[in-house]
Amino acid sequence: MSVVDGVDERVRRAGRPAAGSAPVASPTAVGLDLGSGYARMWASGRALAQTASINDSLTNPVRPVRRGRISDPAGLSEVLTRLLGQQHPAVPAGAVVVACRPVLATAEELSVTRKLLDAALAPSRVLFIDTVRAAAIGAGAGPGTLLVADVGAAVTEVAVLADGSVKAARRAAIGMSDLLGPVGTEPIVHTIAEFVRDLRRDPRCRGVSASAIANGLLMVGGGAGHLALAPRTAATLGLAVRVAGKPRIAAVHGAGLAALAALRRNPSAAA
2 MSVVDGVDER
12 VRRAGRPAAG
22 SAPVASPTAV
32 GLDLGSGYAR
42 MWASGRALAQ
52 TASINDSLTN
62 PVRPVRRGRI
72 SDPAGLSEVL
82 TRLLGQQHPA
92 VPAGAVVVAC
102 RPVLATAEEL
112 SVTRKLLDAA
122 LAPSRVLFID
132 TVRAAAIGAG
142 AGPGTLLVAD
152 VGAAVTEVAV
162 LADGSVKAAR
172 RAAIGMSDLL
182 GPVGTEPIVH
192 TIAEFVRDLR
202 RDPRCRGVSA
212 SAIANGLLMV
222 GGGAGHLALA
232 PRTAATLGLA
242 VRVAGKPRIA
252 AVHGAGLAAL
262 AALRRNPSAA
272 A
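For what it's worth, this note's numbering labels the leading residue of the sequence shown as 2, then goes sequentially.
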């Protein structure tokens, strides 16, 4: 089990120094959420950085992340360079990086991401955390089973979390950027509702899903800020739906907290 897989309540306490302790220099903890619409970077001791997920070309602008998958590594490298340019002081080599990954991401996709992060940040470690789990941490969700819906610009994910890990998940290539014309939020609501019903029926996760669904739905991601989405989803499913306090940045905040926890658990590995 990786360091990130073991994150629990200690993650939320990781940023609090022990009583009476003196501040000491330490490697930087970095959290990353490389979304289809925006890329965000959380680095310890620095302001949150964000930029549009688009390359630097003025004549041929391209989104390097499409539907949660890297389609243009060179373009994403340019996005990372812009994020690093917003960091003051600069992020030094040797950081511990925790990057959000979409649920059901493949090993090949993660390998491409790791190579890009190695080249851009020269980190001591790169760890991955499911975006839905990072968002739950960033939203301050407590222990126990949890149902999470992450509504992004181009991807919607619904997952059941328990014991600090994703037990079951569903993912669709639809997001807020697909909502055009008078359809409102109905395509997203329908997608979330179908995923929840499917998780409830799936014999492989029926028990844990039932427990999570009984606790209601936590909604995160940029789409969660849409005023109609949460109430429409609640009405369709007959569930309580809670929107994270800062849904757009919940995932990157959670990834940053996970990076802090990883760094403090094994600081020598980042020296």
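The beta carbon of each residue, even a glycine, is placed where N, CA and C say it ideally should be.
In its chain, beyond the 5 residues on either side, PRO65, LEU77, GLU110, VAL113 and THR114 have a beta carbon closer than 7 Å to the beta carbon of ILE71. CA-to-CA, the gap between LEU258 and LEU181 works out to about 35 Å. Each of GLY217, ARG67, ALA241 and ALA94 was checked against the Cα of GLY145, and the nearest Cα belongs to GLY217. For SER45, the secondary structure class from DSSP, reduced to helix, strand or coil, is coil. Residue range 166-173 is occupied by the beta strand (DSSP E) that includes LYS168. Each residue's CA atom was taken as its position, placing ASP73 and VAL80 some 11 Å apart. Straight-line spacing of the CA atoms in GLY46 and ALA194 works out to 39 Å. Each of ALA235, LEU219, LEU84 and GLU158 was checked against the Cα of ARG102, and the nearest Cα belongs to GLU158. Boundaries of the beta strand (DSSP E) around THR157: 157-163. With a minimum length of 3 residues, the unbroken runs of beta strand (DSSP E) contained wholly in the segment 193-265 fall at 218-221 and 242-244. Across the structure, THR29 and ALA100 are spaced so that their CA atoms are roughly 14 Å apart.
CA-CA distance, LEU84 to LEU33, rounds to 10 Å.
For GLN88, no pairing in a beta bridge is given by DSSP. In the structure shown, LEU181 falls within a coil segment according to DSSP collapsed to helix, strand and coil.
Judged by DSSP in its simplified three-state form, ASP73 adopts coil rather than helix or strand.
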